[in-house]
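Numbering (the working numbering), first residue to last: -3 to 134.
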């Protein structure tokens, strides 16, 4: 007795079909992707997105892409995504913060707004170089 195998699921085609059916597209027809996904068919996962949130049927999103401190963008080749970190954050997923401190006006700023932050990728650390006349970690 011969058994037939189910057809292989094409995730990209399925994603496109769902987007087309739901109307989740902008005026140009491009997909309006859920947070943490980019690409023509929302097929590229942003850095920092947890695998269990990408490949599950759970409606709960427990992860934050770019550590919540950056914007996700599609690479020029279109097959990967990268984070563009907010001021004061560094790393592939914006996971390393510069020391923050009061800028004198009641707001928190990298290096207290009185220095520049240097990022050492090999050590995954960020430190402040204070402006003349200022001392401290931030």
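Here a beta-carbon is modelled for each residue, glycine too, at the ideal position from N, C-alpha and C. The structure displayed is predicted, hence computed values, not measured ones.
Asked: Starting from the C-beta of residue 81, find all residues in its chain whose C-beta is less than 8 angstroms away, skip the five residues before and the five after it, and write them out in chain order.; Found: 62, 65, 66, 87, 90
Asked: Which residues bound the beta strand (DSSP E) around residue 104?; Found: 104 to 106
Asked: Determine, using beta carbons only, whether residue 125 and residue 114 come nearer to each other than 9 angstroms.; Found: yes
Asked: Quick check on residue 55: buried or exposed, where buried means 16 or more other Cβ atoms within 10 Å of its Cβ?; Found: Bear in mind that a pLDDT of 49 at residue 55, under 50, signals an unreliable position, so the number given afterwards is only what the model happens to contain. It is exposed - the Cβ of residue 55 has fewer than 16 other Cβ atoms within 10 Å.
Asked: Assign residue 111 to one of two classes, buried (16 or more other C-beta atoms within 10 Å of its C-beta) or exposed (fewer than that).; Found: buried
Asked: Can you tell me whether residue 118 is helix, strand or coil according to DSSP?; Found: coil
Asked: Please classify residue 130 as buried or exposed, where buried requires at least 16 neighbouring CB atoms within 10 angstroms.; Found: exposed
Asked: Would the beta-carbon of residue 35 fall within 9 angstroms of that of residue 70?; Found: yes
Asked: Taking DSSP's pairing of strands, which residues face residue 33 in a bridge?; Found: 41
Asked: Since residue 77 is in the beta strand (DSSP E), which residue starts that stretch and which ends it?; Found: 77 to 81
Asked: How is residue 127 classed by DSSP in three states: helix, strand or coil?; Found: coil
Asked: On the CB-based measure, 16 or more other CB atoms within 10 Å of its CB, does residue 100 come out buried or exposed?; Found: exposed
Asked: With respect to 8 angstroms, is the separation between the Cβ of residue 87 and the closest non-hydrogen atom of the ligand GTP below this value?; Found: The ligand GTP is not part of this structure, which contains no ligands at all.
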